[in-house]
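In the working numbering, the protein residues as written are 93 to 390.
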């Protein structure tokens, strides 16, 4: 898969740049200064953005050389939607199930002056673009493509590391991967579950119901929403509601333990065949490390 991704990246660069001379970059010349974008090796770079924090799309530009630059260097970047179009096209050729990534709406960011300054005696500079979460569709994969356009010192630009497509991944304090058990009452049939949850807002996540299919094709009927209430203690009340056309009833007394990263959920649901189930579900976030003392208390 890694080699396939690298092939795609190379093809995208050829499409965008029409090919480049192999003599453009020569890392054997140690004095030669070369500009590139950090984290652009695979071109598509996923970054986490939090519903409950101020967000910035941060891009770092580096000047590779045997010694730091002696005077400030300005590197001009540009928004480059063409890179995203090429990536979507080529990825769809290799995967018929691939869903195009969408350009982040202009209403969700504030585009500053796209000049990055690498200060004298340093080797990198950063650009912070304010990013807003309001109105984003949780089921759309958004991306923000940038490319190096030029620099005021005439330094070489590494063509293979000159484009970055930042993939926007929305998270909150409760989203991530969970593991635990989902018990059908009253017969106490235990199902092992490992749900992946998706952040919807600062205090809401979407989660599969019980052990129902979590495939995208079942999104309309097999998911529910957890709303975690604010609390001054480690225990938070949790409200359960329907997502789309699911049929879930909140039975009350559901909680989230913020110290153990543990949900204790009580609900009932009716599946698409009309069967009714009462569920007690206990799941822990496996993406977050907890103290050994908390593990013993769980």
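For glycine and all other residues, C-beta sits at the position ideal for the given N, C-alpha and C.
Specify the secondary structure class of residue i as computed by DSSP and reduced to three states.
| i | result |
| --- | --- |
| residue 342 | strand |
| residue 300 | strand |
| residue 175 | helix |
| residue 152 | strand |
| residue 116 | Only weak support exists for where residue 116 lies, its pLDDT of 42 falling under 50; the value from the coordinates is given anyway. Coil at residue 116, not helix or strand. |
| residue 253 | helix |
| residue 379 | coil |
| residue 311 | coil |
| residue 185 | helix |
| residue 200 | helix |
| residue 147 | strand |
| residue 264 | coil |
| residue 121 | Here the model assigns residue 121 a pLDDT of 43, short of 50, so the residue's position is not dependable and the matter cannot be decided. |
Assuming residue i is part of the beta strand (DSSP E), what are its boundary residues?
| i | result |
| --- | --- |
| residue 237 | 234-243 |
| residue 317 | 315-320 |
| residue 140 | 136-142 |
| residue 268 | 268-277 |
| residue 128 | 126-129 |
| residue 285 | 281-285 |
| residue 334 | 327-334 |
Throw me the rounded Cβ distance for the residue i and residue j pair, which I believe falls under 8 angstroms.
| i | j | result |
| --- | --- | --- |
| residue 164 | residue 212 | 5 angstroms |
| residue 167 | residue 127 | 6 angstroms |
| residue 373 | residue 272 | 7 angstroms |
| residue 302 | residue 331 | So it is not a contact: roughly 18 angstroms between Cβ atoms. |
| residue 193 | residue 233 | 5 angstroms |
| residue 133 | residue 247 | Between residue 247 and residue 133 the Cβ distance is about 19 angstroms, and since that is not below 8 angstroms, they are no contact. |
| residue 196 | residue 235 | 7 angstroms |
Who are residue i's beta bridge partners in DSSP?
| i | result |
| --- | --- |
| residue 291 | 297 |
| residue 168 | 207, 242 |
| residue 369 | 361 |
| residue 217 | 153 |
| residue 258 | 137, 236 |
| residue 347 | 329, 356 |
| residue 374 | 273, 356 |
| residue 228 | Residue 228 pairs with nothing; no bridge assigned. |
| residue 248 | 126 |
| residue 160 | For residue 160, which the question treats as bridged, DSSP gives no partner whatsoever. |
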